[in-house]
Amino acid sequence: MKPIIYLDHAATTATRPEVVEAMLPYFTQQYGNASSVYGLGAESKKALDQARATVAGALGARPEEIYFTAGGSEADNWALKATAEAYGKGGGHIITTKIEHHAILHTCEYLEKRGVAVTYLDVDERGLVSPEAVRKAIRPDTILISVMYANNEIGTLEPIEEIGAIAKEKGILFHTDAVQAFAHLDISVDRCHIDMLSASAHKFGGPKGVGFLYIRRGVKIRSFIHGGAQERKRRAGTENVPGIVGLGKAVELAMAEREATVERVTGLRDYLIDRVLQEIPFTRLNGDRKRRLPGNANFSFQFIEGESLLIMLDMEGICGSSGSACTTGSLDPSHVLMAIGLPHEIAHGSLRLTLGEENTREQMDYVVECLKKIVARLREMSPLYEDFVKNAAARD
Ligand SMILES: *Cc1c(COP(=O)(O)O)cnc(C)c1O
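Residues 29 to 424, numbered by this note's numbering, are exactly what the sequence shown covers, in order.
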């Protein structure tokens, strides 16, 4: 079997060995319920407090503003549904964008059926939301603006600081899905006037099934998981102590290494992008050339099918994605690629490669060589390409 080259870090990451090691004692030795009075429970409570402080520190927030959840989707659902309930009075208006993750988009659709109005803002050809468009969309009944920090498919970094300033000026709550950005980028909830922020551990070397919602002090949203009094009565359920310890450890490691990792991964990403664009004809890069996540490269190869490309890359040991893990199995092109204005046939030939700290330049060289061969082979078999070549010959 070929060694695996993992280039799908936006879908999930391996849990780092240091993280697993930090988690282990909380399964078999320090397994106490954090709400219990005996010493064993207190050990768990201490571990939760420490993780909460680490997460808060990474955002410039207070520990009591961090609420652990079972991941990014739960945090997104909670932020939107609870805001609609607390501030919408049976109606209300939410401003979001056409390129959000489905955890936001499908929640908005759910809320629309229950009387909430939603504006889905367009983005430009790079995937950028215009702060002015946000301002213009504000209505007297607007209760929430929710714009993602960075897009999971094309990597575009949104103007969060500008949008936050508008929300603050207008007195409207501002939520950001920072699942792709948190622990990778320097985020300050105060500088960006963020009232709520979602993140998930498995996108940065932590375990799956654990994340958090940051809720600024004073934001009056309630729990939507009802039960015990955990998480300051805002999220019931016995705490996932090992998971939360793992989340905290992953944040600690990511923050300590952040600058060096960003520099290294950005360099690799640019090397990959430059080579692919220069060496494979009829190829475009989706998203902004510079204003993108350090590890994100998203290409469209004209005349081919992204799914066939993925299968052939897999045979070479390369893990990539055609956009978003959630759209796999559906024939519709990604909503994000549609929103940036790609024609269907070009969007269908798209490939997302997302890099992590363990990837190397040798791997990038191997990937480029494989891509050159595979794209050429798929084009040879493509009727679209055959027509194109014929028409080009007729024009000459
Ligand atoms: C992965 C992802 C989510 C969902 O997070 P889970 O922890 O998998 O539920 C939400 N938003 C974005 C932008 C993501 O990339």
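For glycine and all other residues, C-beta sits at the position ideal for the given N, C-alpha and C.
Taking non-hydrogen atoms of ligand 1 into account, the C-beta of His37 is found less than 7 angstroms away from none of them. The nearest non-hydrogen atom of ligand 1 is 7 angstroms or more from the C-beta of Met224.
Contiguous beta strand (DSSP E) elements confined to the region 113-188 occur at 121-125, 145-149, 170-174, taking only those with 3 or more residues.
No Cβ-Cβ contact shorter than 8 angstroms links Gly255 with Pro31.
Closest by C-alpha distance to Thr204, out of Asn105, Arg380, Lys164, Ile33, is Asn105. The region 51-71 makes no contact with the region 293-301, as fewer than three CB pairs between them are under 8 angstroms.
Per DSSP, the beta-bridge partners of Leu241 are Tyr95, Ser226.
The three-state secondary structure of Asp298, taken from DSSP, is helix.
Under the three-pair Cβ rule at 8 angstroms, the region 261-280 counts as touching the region 223-236.
As a beta-bridge residue in DSSP terms, Ser378 pairs with Ser328.
In the DSSP assignment, no residue is bridged to Tyr394.
For Val207, the distance from the CB to the nearest heavy atom of ligand 1 is below 7 angstroms. Listed in chain order, the non-local C-beta contacts of Glu285 below 8 angstroms within the same chain comprise Glu385, local neighbours out to five positions each way being set aside. Put simply, the backbone Cα of Cys220 is about 6 angstroms away from that of Ile188. A residue is called buried when at least 16 other Cβ atoms come within 10 angstroms of its Cβ; Gln306 does not meet this threshold and is exposed. By the beta-carbon neighbour count (other beta carbons within 10 angstroms, threshold 16), Phe96 is buried.
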